Amino acid sequence: MSAPAIRAGRVAARLSAAGLVPHATDLADLTYIETDLPGLVDVGTWREVLAALEEADCFGLVTSANGRRVWAAFGNEAPATVDAVRRHGLQP
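Positions -1 to 90 (this note's numbering) are the ones given, in order, by the sequence shown.
Structural data, given as structure tokens:
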């Protein structure tokens, strides 16, 4: 299992522990996790969701007439590239 898939699995597990139902999608260049949010989310759950999402390469919140959904993406690039994009290091 690739490092991005392992990280995505950890995030999915944390979202599940927060009472949500995450769904994973594996694409050629990234692994994508998303989950719907209930109408009301208590502060503790928001903290857990945000703590889980910060492990992703990028994440977001989509709000529409149909509800709210959070997503997280994990790139399958080489680690040096990911660190450079996330500004955690310099690409060689």
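Cβ coordinates follow ideal geometry from the N, Cα and C atoms, glycine included. Values in this document were obtained by computation on a predicted structure and should not be read as measured data.
Just verifying my parser: in three-state terms, what is the DSSP assignment at residue i?
{"i": "glutamate 53", "result": "coil"}
{"i": "alanine 26", "result": "coil"}
{"i": "glycine 42", "result": "helix"}
{"i": "alanine 14", "result": "It is serine, not alanine, that sits at residue 14 in the sequence shown. Note: serine 14 maps to helix in three-state DSSP."}
Taking the beta carbon of residue i as the centre, do at least 16 other beta carbons fall within 10 Å, making it buried, or is it exposed?
{"i": "glycine 87", "result": "Residue placement at glycine 87 is flagged as unreliable, the pLDDT there being 48, under the threshold of 50; a coordinate-derived value is accordingly withheld."}
{"i": "alanine 70", "result": "buried"}
{"i": "valine 60", "result": "exposed"}
{"i": "leucine 25", "result": "exposed"}
Taking 8 Å as the threshold (C-beta atoms), are residue j and residue i in contact?
{"i": "phenylalanine 72", "j": "arginine 5", "result": "yes"}
{"i": "leucine 13", "j": "threonine 29", "result": "no"}
{"i": "isoleucine 31", "j": "valine 47", "result": "no"}
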